[in-house]
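**Q** Residue numbers (our numbering): 6 to 263.
Beta carbons are placed, not taken as given, at the ideal position from N, Cα and C, and that holds for glycine.
1) For the beta strand (DSSP E) holding residue 41, just list the boundary residues, first then last.
2) What does the alpha-carbon distance come out to for the pair residue 70 and residue 63?
3) Could you pull out every unbroken beta strand (DSSP E) segment of at least 3 residues lying fully inside the segment 142 to 195, listed in chain order?
4) What distance in whole Å lies between the Cβ atoms of residue 79 and residue 196, which are believed to be in contact at a cut-off of 8 Å?
5) Based on the DSSP secondary-structure assignment, which residues constitute the bridge partners of residue 122?
6) Helix, strand or coil, according to DSSP, for residue 202 in the structure here?
7) What does DSSP give as the partner residue(s) for residue 63 in the beta ladder?
8) Would a C-beta distance cut-off of 8 Å place residue 229 and residue 187 closer than the cut-off?
9) Excluding the 5 residues flanking residue 68 on each side, which residues of the same chain have their C-beta closer than 7 Å to its C-beta?
10) Give me the Cα-Cα distance between residue 88 and residue 75, rounded to the nearest whole angstrom.
11) Hey, out of 221, 261, 209, 220, whose CA is closest to residue 101's CA?
Here it is, written out as structure tokens:
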């Protein structure tokens, strides 16, 4: 995939992928340019509400940032290679650190909806990998960089914002999980569940990028609440939580991530 000259000339240092409902996060950045995904050959377009489908070039705490405002998903009929093409573009543009965000259902009773969770690990239950097609034996012992996570947690404490730590389970979707599936996931050690992120993290590590992952815990998973699950709730909760995460991100960048 050819990197657009606008992105190449910007020389981004950090890449950020925004999940469902988190698009408003970009509204407070110092945006210098935006490029719709439709203008980049080989980049799939998202069809999901809450995913605007464009790259933003901007600065935060004097760092040059490339923001993917929305992503494509396997459940839209895309391949593992397609949904991770944006990560490859970021790497080709010179990004060394990628921050993946998502909206997730909450499984752990010790956490609370509306809060954030830093990913310590993940369960890839999508049934595929972006590395299929060759003997790409990438070490996945430490997908999510511990030093980056420590920096973010320190920044969160300085902002008086709580960020939990836990394991994210990535499933195919698009249907939400059944209560039985949620019990299974909890037994497997998952704290939150969603339909993205894990393939991007695998691709990023295969390219040698440092990875941090964060879930906006938008709702209780199936069987843990009497309320029906809805994408609208996901969007509303994500939008409400975006500002708090922006402050944490700005503080972490100002402190120069390790």
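**A** From the atom records:
1) Taking the first residue of the chain shown as 1, we reach residue 41 at position 36. First-last of the beta strand (DSSP E) with residue 41: 35 to 41.
2) By 1-based counting over the chain shown, the position of residue 70 is 65. By 1-based counting over the chain shown, the position of residue 63 is 58. Roughly 5 Å between the two C-alpha positions.
3) 168 to 176
4) Taking the first residue of the chain shown as 1, we reach residue 196 at position 191. Taking the first residue of the chain shown as 1, we reach residue 79 at position 74. Their Cβ separation, rounded to whole angstroms, is 22 Å, which puts residue 196 and residue 79 out of contact at 8 Å.
5) Within the chain shown, residue 122 is the residue found at index 117, counting from 1. 169, 220, per the DSSP bridge assignment.
6) Within the chain shown, residue 202 is the residue found at index 197, counting from 1. Correct three-state label for residue 202: coil.
7) By 1-based counting over the chain shown, the position of residue 63 is 58. 36, 70, per the DSSP bridge assignment.
8) Residue numbering aside, residue 229 sits at position 224 when the chain shown is read from its first letter. Residue numbering aside, residue 187 sits at position 182 when the chain shown is read from its first letter. Yes; because the gap between Cβ atoms is below 8 Å, this pair is in contact.
9) As a first step, residue 68 is located in the chain shown; it is residue number 63 there, counting from the start. Contacts found: 18, 19, 258.
10) In the chain shown, the residue the question calls residue 88 occupies position 83. In the chain shown, the residue the question calls residue 75 occupies position 70. Their backbone Cα atoms lie some 11 Å apart in a straight line.
11) Residue mapping note: residue 101 aligns to position 96 of the chain shown, counting from 1. The shortest Cα separation from residue 101 among 221, 261, 209, 220 belongs to 209.
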